[in-house]
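Participant: Note that the sequence shown covers residues 2 to 358 in the numbering used here.
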Amino acid sequence: MQNFFAKKLRELLILSFACAAFTVQADEWQAERYPWDMRPFFCSYKKNVETELCKADNWPSYEVTRERLRSLRWTGRFALLERALTELATSEELLPNGFNKATAVHWTLEELVQDHRRAAIIGGDPLALWKSVVPQSKFLLLTDAMLLHRRAWELRGGAASTVLPESGELFALRLGDAEKKLMQAPPSLKDTAVWHLILLKIAIEGRGVESDPQTVFLNAVKRWPKSADFYMEMISYLSPVRGGSWAAVEAFIDHSSRQLESTEGMSFYARLYASIGNEVTRGQTAMDWVKMRRGFDDWIARDSRASVKNLYASYACFARDKSTFGKAIGQILKQELLPGQWLAGHSYEACARWAGI
Numbered sequence: 002m003q004n005f006f007a008k009k010l011r012e013l014l015i016l017s018f019a020c021a022a023f024t025v026q027a028d029e030w031q032a033e034r035y036p037w038d039m040r041p042f043f044c045s046y047k048k049n050v051e052t053e054l055c056k057a058d059n060w061p062s063y064e065v066t067r068e069r070l071r072s073l074r075w076t077g078r079f080a081l082l083e084r085a086l087t088e089l090a091t092s093e094e095l096l097p098n099g100f101n102k103a104t105a106v107h108w109t110l111e112e113l114v115q116d117h118r119r120a121a122i123i124g125g126d127p128l129a130l131w132k133s134v135v136p137q138s139k140f141l142l143l144t145d146a147m148l149l150h151r152r153a154w155e156l157r158g159g160a161a162s163t164v165l166p167e168s169g170e171l172f173a174l175r176l177g178d179a180e181k182k183l184m185q186a187p188p189s190l191k192d193t194a195v196w197h198l199i200l201l202k203i204a205i206e207g208r209g210v211e212s213d214p215q216t217v218f219l220n221a222v223k224r225w226p227k228s229a230d231f232y233m234e235m236i237s238y239l240s241p242v243r244g245g246s247w248a249a250v251e252a253f254i255d256h257s258s259r260q261l262e263s264t265e266g267m268s269f270y271a272r273l274y275a276s277i278g279n280e281v282t283r284g285q286t287a288m289d290w291v292k293m294r295r296g297f298d299d300w301i302a303r304d305s306r307a308s309v310k311n312l313y314a315s316y317a318c319f320a321r322d323k324s325t326f327g328k329a330i331g332q333i334l335k336q337e338l339l340p341g342q343w344l345a346g347h348s349y350e351a352c353a354r355w356a357g358i
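1. Please classify P214 as buried or exposed, where buried requires at least 16 neighbouring CB atoms within 10 angstroms.
2. Specify the secondary structure class of N101 as computed by DSSP and reduced to three states.
3. Decide yes or no for the touch test of the region 247-256 against the region 126-141: beta carbon pairs closer than 8 Å, at least 3 of them.
4. Report the partner residues of L95 according to the DSSP bridge assignment.
5. At which residues does the alpha helix (DSSP H) containing N49 begin and terminate?
6. Cβ atoms of L201 and A173: under 8 Å apart, would you say?
7. One question on the structure: do M267 and S276 come within less than 8 Å of each other, judged by their Cβ atoms?
8. For W154, count the other beta carbons within 10 Å of its own beta carbon; 16 or more makes it buried, fewer makes it exposed. Which is it?
9. Within 10 Å of its beta-carbon, does W75 have 16 or more other beta-carbons around it, so buried, or fewer, so exposed?
10. Over what stretch of residues does the alpha helix (DSSP H) that includes A302 continue unbroken?
11. I need the straight-line Cα distance from G296 to P340, nearest angstrom please.
12. Would you list, in sequence order, the uninterrupted alpha helix (DSSP H) runs of no fewer than 4 residues that lie entirely inside the region 321-347?
13. Assuming S228 contacts L95 under a Cβ cut-off of 8 Å, what Cβ separation, rounded to an integer in Å, is found between them?
14. If I follow the unbroken alpha helix (DSSP H) through L198, where does it start and stop?
15. Compute the Euclidean distance between the alpha carbons of H150 and F79, then round it to the nearest angstrom.
16. Can you tell me whether DSSP reads M39 as helix, strand or coil?
17. What three-state label does DSSP hand V222 in the structure shown?
18. Round the Cβ separation of Q285 and W247 to the nearest angstrom and send it over; I've been treating them as touching at under 8 Å.
19. Please report the Cβ distance between L141 and K132, rounded to the nearest whole angstrom; I am assuming they are in contact, meaning their Cβ atoms lie under 8 Å.
20. What span of residues does the alpha helix (DSSP H) with D255 cover, start to end?
21. When the Cα atoms are used, what is the spatial distance from Q137 to K191?
22. To the nearest angstrom, report how far apart W60 and M235 are at their CA atoms.
23. Would you mind working out which of A105, P97 and F100 sits nearest A85, comparing C-alpha positions?
24. Going by other Cβ atoms of all chains shown within 10 Å of its Cβ, with 16 needed for buried, is F23 buried or exposed?
25. To the nearest angstrom, how far is the alpha carbon of V210 from that of Y63?
26. What's the gap between the Cα of L334 and the Cα of S308?
27. Beta-carbon within less than 7 Å of P241's beta-carbon, same chain only, minus the 5 sequence neighbours each way: which residues are those?
28. How many angstroms separate the CA atom of R71 from the CA atom of L113?
29. Assuming M233 and L273 form a contact by the criterion Cβ under 8 Å, report the distance between their Cβ atoms to the nearest whole angstrom.
30. Would you identify the three-state DSSP class for M267, choosing helix, strand or coil?
31. Measure the C-alpha to C-alpha separation of V25 and L89 and round it to an integer number of angstroms.
32. With A121 as the anchor, note down where its alpha helix (DSSP H) starts and where it stops.
33. What's the C-alpha gap between F43 and W225?
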């Protein structure tokens, strides 16, 4: 009988040690990988994550980031999507194009909202599925606010001058609901750039909201001063289409650029005008070419991507500055020529003929 109990005790001890060893191994093993992660298997051990061979850059550019988020969304990997959006929303890093990573989060949420609205056509509702997989997702609160914002525009209809008083009241009411929904967010979500970006988009609508767009903007850039997203929203707010003027846009871009001049030179002047390139080519803005030229020089000194160099050359052609055009073209290697990055109506071939190159 003693041998029997001794044997059982040994078996229990062996089993407990095995369970402990499994727990240790599980603790050392990372969570499920993203589907594009092709690193060796041993990179899944937490102890190896920071080694040179195992370092991963899941979000190397805006384009790749959006495509990877789109793949997670479209294939219904909502647990992984939640993790990805959390990584991006809480990151302080900017993407190479100057956008905050929150921009990619916002666009993904926009696409989810669009898919939700056409659920009957595509055969399923991604937001409902997401909620079933991650019921406590904080991002679903953001999609709720975005849906209310869209609903406001549906109720409003056309341009302000054509809107009936009743529609205007419903528009303001739904905007107020969208703002209230955002204000229900937990502190951790309010501390993200994407929350500020969505609030700014709602605040600039004006009617029915308590948030002042200027205050929302200043709070955002105080925390994320180099995030181009917030500046671009304010440019839209100050533009003629919303009752502003190109003079106001110029004053804003000039002031914002000088606020960052100590670290960014005047690069933001070029970055922000480049974001409204079509308006520039139509000759409708108050852009100052001397400042724009300096802005591009400072931009390229900090970001030598081929896309930026091509933009510089096309703007120099638009400004009919042959000297600067020649300088800009001289920085572009043959394999770096990107026709799609040139301003509309200003191709490399046409500009080269004009400049006699």
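Even for Gly, the Cβ is constructed at its ideal location relative to N, Cα and C.
Everything numeric in this text was worked out from a predicted model, so none of it was measured.
Facilitator: Taking the coordinates as given:
1. buried
2. strand
3. no
4. N101
5. Note, N49: premise wrong, no alpha helix (DSSP H); not H, not E.
6. no
7. no
8. exposed
9. exposed
10. W290 to R303
11. 22 Å
12. 323-331
13. 7 Å
14. A194 to A204
15. 24 Å
16. coil
17. helix
18. 6 Å
19. 6 Å
20. W247 to Q260
21. 16 Å
22. 26 Å
23. A105
24. For F23, the predicted structure reports a pLDDT of 38, less than 50, and the residue's modelled location is therefore unreliable. A value from the coordinates is still provided. Burial call: exposed.
25. 31 Å
26. 12 Å
27. W247
28. 9 Å
29. 7 Å
30. coil
31. Here V25 scores only 40 on pLDDT, less than 50, and its place in the model should not be relied on; the value that follows carries that caveat. Cα to Cα, the separation comes out at about 29 Å.
32. A120 to I123
33. 36 Å
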